[in-house]
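Student: Chains as they are written, first to last, in the working numbering: chain Z, 850 to 1168; chain G, 850 to 1168; chain W, 850 to 1168.
Glycine is no exception: its CB is placed at the ideal position from the N, C-alpha and C atoms.
#1: Just the Cα atoms here: how many angstroms apart are residue 1074 of chain W and residue 1115 of chain W?
#2: Nearest-angstrom Cα distance between residue 935 of chain G and residue 974 of chain G?
#3: Contact defined as beta carbons within less than 8 Å: I believe residue 908 of chain Z pairs with residue 964 of chain Z. What is the distance between those atoms, to the nearest angstrom?
#4: Within the chosen definition, does the region 1145–1155 of chain G reach the region 994–1014 of chain W through at least 3 CB pairs nearer than 8 Å?
#5: Please report the Cβ distance between residue 1147 of chain Z and residue 1008 of chain Z, rounded to the nearest whole angstrom; I am assuming they are in contact, meaning their Cβ atoms lie under 8 Å.
#6: For residue 1083 of chain W, decide whether its Cβ has a neighbour in chain G, counting only Cβ atoms nearer than 8 Å.
#7: Along chain W, which residues have their Cβ under 8 Å away from the Cβ of residue 892 of chain Z?
#8: Would you list the residues sitting across from residue 905 of chain W in a DSSP beta bridge?
#9: Give me, in chain order, the residues of the same chain whose beta-carbon lies closer than 6 Å to that of residue 868 of chain G; leave out the 5 immediate sequence neighbours on both sides.
#10: Out of curiosity, what's the CA-to-CA distance linking residue 1063 of chain W and residue 1045 of chain W?
#11: Taking the straight line between their C-alpha atoms, what separation do you get for residue 1040 of chain G and residue 1084 of chain G?
#12: Whose Cβ in chain Z lies nearer than 9 Å to the Cβ of residue 1149 of chain G?
#13: Figure out for me which residue from G:1103, G:1156 and G:895 has the closest Cα to the Cα of residue 1134 of chain G.
#14: From W:983, W:1077 and W:1127, pick the residue whose C-alpha is nearest to that of residue 1047 of chain W; which is it?
#15: Mind listing the chain A neighbours of residue 898 of chain Z? Cutoff is C-beta to C-beta under 8 Å, in chain order.
#16: Using a Cβ cut-off of 8 Å (strictly closer), state whether residue 850 of chain G contacts chain W.
#17: Taking buried to mean at least 16 other C-beta atoms within 10 Å of its own C-beta, is residue 1128 of chain W buried or exposed?
#18: I'd like to know whether the C-beta of residue 929 of chain W is nearer than 8 Å to at least one C-beta of chain Z.
#19: Return no unless some Cβ of chain W is closer than 8 Å to the Cβ of residue 933 of chain G.
#20: CB-CB under 8 Å to residue 1089 of chain Z, same chain, minus the five flanking residues each way: which ones, in chain order?
#21: I need the DSSP call for residue 864 of chain Z, collapsed to helix, strand or coil.
#22: Which chain W residues are close to residue 889 of chain Z, counting only those with a beta carbon under 7 Å from its beta carbon?
#23: On the DSSP bridge list, what partners appear for residue 1085 of chain G?
#24: Under 7 Å Cβ-Cβ, which residues of chain Z neighbour residue 1152 of chain G?
#25: With a 10 Å radius around its C-beta and 16 neighbouring C-beta atoms as the bar for buried, classify residue 850 of chain G as buried or exposed.
#26: Helix, strand or coil: which one does DSSP assign to residue 998 of chain G?
#27: How many angstroms separate the CA atom of residue 933 of chain G from the CA atom of residue 1072 of chain Z?
#28: Residues in its own chain within less than 6 Å of residue 900 of chain Z by CB, not counting five upstream and five downstream?
#29: Do you know offhand how far residue 792 of chain Z's Cα is from residue 1014 of chain Z's?
#30: Could you tell me whether any Cβ in chain G is nearer than 8 Å to the Cβ of residue 904 of chain W?
#31: Distance, Cα to Cα, residue 1108 of chain W vs residue 1023 of chain W?
#32: The alpha helix (DSSP H) that contains residue 1155 of chain Z, what's its start and end?
#33: Rounded to the nearest angstrom, what separates residue 1079 of chain W and residue 950 of chain W at their Cα positions?
#34: Is the beta carbon of residue 903 of chain Z sitting closer than 8 Å to the one on residue 931 of chain Z?
#35: Residue 1106 of chain W: buried (16+ other C-beta within 10 angstroms of its C-beta) or exposed?
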């Protein structure tokens, strides 16, 4: 089957999902990101890599936080960035997603960073560009529905590699609301590709998708203490309470009791285990403040690496 | 009478309307735009023409689409662009339009791109600047009420010239909701000035303004098939349904039946006729998708030329 | 007590309040601002002072006007500016103020411009940065609750110095809704520090805070004619009608009758007195249009100097 994110030479044309992305490309992105982490520490945090390029932040779903990370990454590469909050724009005038895209292409866009509540929207755009022979325009998925959030997955991989070195001897646990989480889907895909031998998913039955069985070797735990025992990496998920309908969950307090990461629970993991979270955190719901601000947390490192990883993806696509 | 958009040497100081703008200036803008279309195809889409200039997108009426075209044009000329969505700002604190303008002038604005629901707002600003001796600050009308949308009219002229060469032997039809359309007003003014000998307006009586008679030689058609016969250019208008009050129009479906541009109807025009639309399109209302995406449509070319034309206007005003 | 806005050498690390800021620093800011007023009159209004720096406009309270002045100032210093309207972002996802700040720090922010409805929010951020050893990140208070608006106070001082030269022989009156005004608090602090010998506050009892007595030498007037007699500077305040609850004030018309600045009243001041207003003005409420647009008004000069003063503060902090 045609993989729309790769060009005919197997190079990266779009970044849509980490599912099916070859290990070499995953690793290449992480490698390219490394020097970009140093740019951010310079006095002048700017490189001319994307000078004169037009990057559109096309956010059909509001997310100031994610939009900001891409905006910063693009500006540090000297691109011209235009933010479009499309929910308040043409979409409300009845213009279709693809008409909006065609218009921006006609303005000589070089790259779209797309956030959409519907799973598959960035794919649809990439296919549309392909069908119209626009190989010069690149799409980055900044989160689509419950499907994927590949730059989040990549920055998570960068963080793990930074602190743990090698993937092939790690125990990693993903904890929480996997059912509603595009982040978890991207993490699982990347961790499998990078060769993590012991991958665990921990959460209540109501918040784990039925499709987890497809991942060979992945183990499911419905008891947090059991699941955390001996892991090297704890990847917490945000409790997507704005997506909850009330039927799946008791109160946040009860969730915390069973699934919140406390210092006591974290002590069950390896003593040098790292704690990750994609943010924004619900302190006292999925994570205790003592852990969030503790010495094992690498949550803010994730944010820092996220800028470098997004710069790397943009630089690769534009190259 | 004093024409506020020209300086004492007859040069362009502001772009407020195409009505009364001399043919030489219209043509000069189109000529200047030509090399700018090539900038957009370069690797580095950036010229230093407006470096260090402060351009304010002053949008009293929301329009992400139009704002984006001006933002892109200004950034490709290296200007500093500040977006002000004024409906949510000082206006709601009771500050008058002209107090807002005075404040931005005091911040050493170089140019205002003004969108306003009230016809004449950009004129009012230009007169105010004139009265205060601010010859160094320029106003571009980005659409005011039902009055004018001159950069849209200019990009339409650029598109026609690009595809048809000469204006003085053309048949051009403007189709649809002329009554509510500032675009149509700007198009008619420019087409007359540029010497189009056969200019037609096609639409239901309820959507054509009473004042069309003032344009010598303009012919009005209340039957679409008759109006399209033998034309070289079909300029569709967007059905401004958000402005409709229900009294003027039946359903969108009925509108489409009588006034929608289908392949069958387009076949009545000359075989090399081009189809234009200012966007965003209501597919299946004023235009059929087969036409919108067909080989005669130059709708996306309009968008591309629109960036170059806006760059040209900005460069001329600042020169 | 530790003054969080000064570093251990007494230099300016943050700008949080003018209260307690040494006269030398106040004067230094005004001195540095002077050449920046000339930048704005150049053809290319841009200096490379903050090239490659990331400045975040962190507005928890909407204010297009103030945000614009900081955005312009930062762009003229070549900084990368990212606007965050936080009320519509993470805050609504339950992320705390300090988690938001931590995240932006992790993106290698260089400076935060903070507007917040809660008094003390910028202090809280500065203390948090201090506690985490982040001496490289600077905070500018762009207005917090009823507490302070130091850049407004500074631009007012710049304006007075520009027109009056020396502070130590001036009579200055602040008129209006002092109770709700962070601007007035910043003005009073700076005027005292700079040695104004005759400082007056004029307003109805219901709009003057009880705490005014703490300022030695400050005189309170509940009759406007008396208060204006012989002053050199009249600093009007905006009637914060959006903050009124109806209990403190009669109608705007009645307010105007007693406290509006008319030409007749202004005639009681010295003949060369200047009239200031922080904007946006309520014409016909706290100030008559004849005065606002009259020869003694320096209200638009305040705006112009405001850009230069903000450039000066940013340049000093980043140095």
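Tutor: Working from what's here:
#1: Here residue 1074 of chain W refers to the residue found at position 225 when the third chain is read from its first residue. Here residue 1115 of chain W refers to the residue found at position 266 when the third chain is read from its first residue. Looking at the backbone, the Cα of residue 1074 of chain W and that of residue 1115 of chain W are separated by about 9 Å.
#2: In the second chain, residue 935 of chain G corresponds to position 86, counting from 1. In the second chain, residue 974 of chain G corresponds to position 125, counting from 1. Rounded to whole angstroms, the separation of the alpha carbons of residue 974 of chain G and residue 935 of chain G is 15 Å.
#3: Stepping through the first chain from its first residue, residue 908 of chain Z is reached at position 59. Stepping through the first chain from its first residue, residue 964 of chain Z is reached at position 115. Indeed they touch by this definition, with Cβ atoms about 5 Å apart.
#4: No contact exists between the region 1145–1155 of chain G and the region 994–1014 of chain W.
#5: Your numbering for residue 1147 of chain Z matches position 298 in the first chain. Your numbering for residue 1008 of chain Z matches position 159 in the first chain. Right, their Cβ atoms sit about 6 Å apart.
#6: Sequence index remark: in the third chain, residue 1083 of chain W carries index 234 (1-based). Not closer than 8 Å to any Cβ of chain G, the Cβ of residue 1083 of chain W fails to qualify, so no.
#7: Numbered from 1 along the first chain, position 43 holds the residue referred to as residue 892 of chain Z. Under the 8 Å cutoff, chain W gives 901.
#8: Mapped onto the third chain, residue 905 of chain W falls at position 56. Partner(s): W:931 and W:961.
#9: Taking the first residue of the second chain as 1, we reach residue 868 of chain G at position 19. Same-chain partners within the cutoff: 1038.
#10: On the third chain, position 214 is the one that residue 1063 of chain W refers to. On the third chain, position 196 is the one that residue 1045 of chain W refers to. Computed Cα separation, rounded: 16 Å.
#11: The residue given as residue 1040 of chain G occupies position 191 in the second chain. The residue given as residue 1084 of chain G occupies position 235 in the second chain. Their Cα atoms are separated by approximately 12 Å.
#12: Here the question's residue 1149 of chain G lines up with position 300 in the second chain. For residue 1149 of chain G, the C-beta contacts it makes with chain Z under 9 Å involve 951, 952, 954 and 955, in order along the chain.
#13: Position 285 of the second chain holds residue 1134 of chain G. Looking at the Cα atoms, G:1103 is the closest of the given residues.
#14: The count along the third chain starts at 1 and reaches residue 1047 of chain W at position 198. Among W:983, W:1077 and W:1127, the Cα nearest to that of residue 1047 of chain W is on W:1077.
#15: The displayed structure is made up of protein chains Z, G and W, and chain A is not among them.
#16: Walking along the second chain from the start, residue 850 of chain G turns up at place 1. Note that residue 850 of chain G has pLDDT 48, beneath the 50 cutoff, so the model's placement of it is unreliable and the number below is only indicative. So no, residue 850 of chain G is outside the interface.
#17: Counting from 1 along the third chain, the entry for residue 1128 of chain W is found at position 279. It counts as buried.
#18: On the third chain, position 80 is the one that residue 929 of chain W refers to. Using a Cβ-Cβ cut-off of 8 Å, residue 929 of chain W counts as an interface residue toward chain Z, since at least one Cβ of chain Z sits closer than that to its own.
#19: Taking the second chain and counting its residues from 1, one reaches residue 933 of chain G at position 84. Taking Cβ atoms only, chain W reaches closer than 8 Å to residue 933 of chain G, which makes this a yes.
#20: Looking up residue 1089 of chain Z in the first chain gives position 240. Cβ neighbours of residue 1089 of chain Z within its own chain (closer than 8 Å, five residues either side excluded): 1026, 1029 and 1030.
#21: Position 15 of the first chain holds residue 864 of chain Z. Secondary structure of residue 864 of chain Z (DSSP, three-state): strand.
#22: For the purposes of this step, residue 889 of chain Z is taken as the residue at position 40 of the first chain. Taking a Cβ-Cβ cut-off of 7 Å, the neighbours of residue 889 of chain Z in chain W comprise 957, given in sequence order.
#23: Counting from 1 along the second chain, the entry for residue 1085 of chain G is found at position 236. Under DSSP, residue 1085 of chain G forms a beta bridge with G:1024.
#24: Start at 1 with the first residue of the second chain, and residue 1152 of chain G comes out as number 303. In chain order: 952, 955 and 956.
#25: Here residue 850 of chain G refers to the residue found at position 1 of the second chain. Any reading at residue 850 of chain G needs caution, since the residue's pLDDT is 48, under 50, leaving its predicted position unreliable; the model's value is listed next. Under this definition residue 850 of chain G is an exposed residue.
#26: Residue mapping note: residue 998 of chain G aligns to position 149 of the second chain, counting from 1. Three-state result, residue 998 of chain G: coil.
#27: Taking the second chain and counting its residues from 1, one reaches residue 933 of chain G at position 84. Taking the first chain and counting its residues from 1, one reaches residue 1072 of chain Z at position 223. Cα to Cα, the separation comes out at about 52 Å.
#28: Here residue 900 of chain Z refers to the residue found at position 51 of the first chain. Within the same chain, Cβ atoms closer than 6 Å to the Cβ of residue 900 of chain Z are found at 927, the five residues on either side in sequence being excluded.
#29: Absent from the model: residue 792 of chain Z. The displayed extent of chain Z is 850 to 1168, so no value can be given.
#30: Taking the third chain and counting its residues from 1, the one referred to as residue 904 of chain W is at position 55. No, because no Cβ of chain G sits closer than 8 Å to the Cβ of residue 904 of chain W.
#31: What you label residue 1108 of chain W is simply residue 259 of the third chain in a count that begins at 1. What you label residue 1023 of chain W is simply residue 174 of the third chain in a count that begins at 1. Pairing residue 1108 of chain W with residue 1023 of chain W, the inter-Cα distance amounts to about 11 Å.
#32: By 1-based counting over the first chain, the position of residue 1155 of chain Z is 306. Counting along the chain, the alpha helix (DSSP H) containing residue 1155 of chain Z begins and ends at 1148–1167.
#33: Within the third chain, the letter at position 230 stands for residue 1079 of chain W. Within the third chain, the letter at position 101 stands for residue 950 of chain W. Those two C-alpha atoms are separated by around 48 Å.
#34: As a first step, residue 903 of chain Z must be located in the first chain, where it is residue number 54. As a first step, residue 931 of chain Z must be located in the first chain, where it is residue number 82. The beta carbons of residue 903 of chain Z and residue 931 of chain Z sit closer together than 8 Å.
#35: Mapped onto the third chain, residue 1106 of chain W falls at position 257. Under this definition residue 1106 of chain W is an exposed residue.
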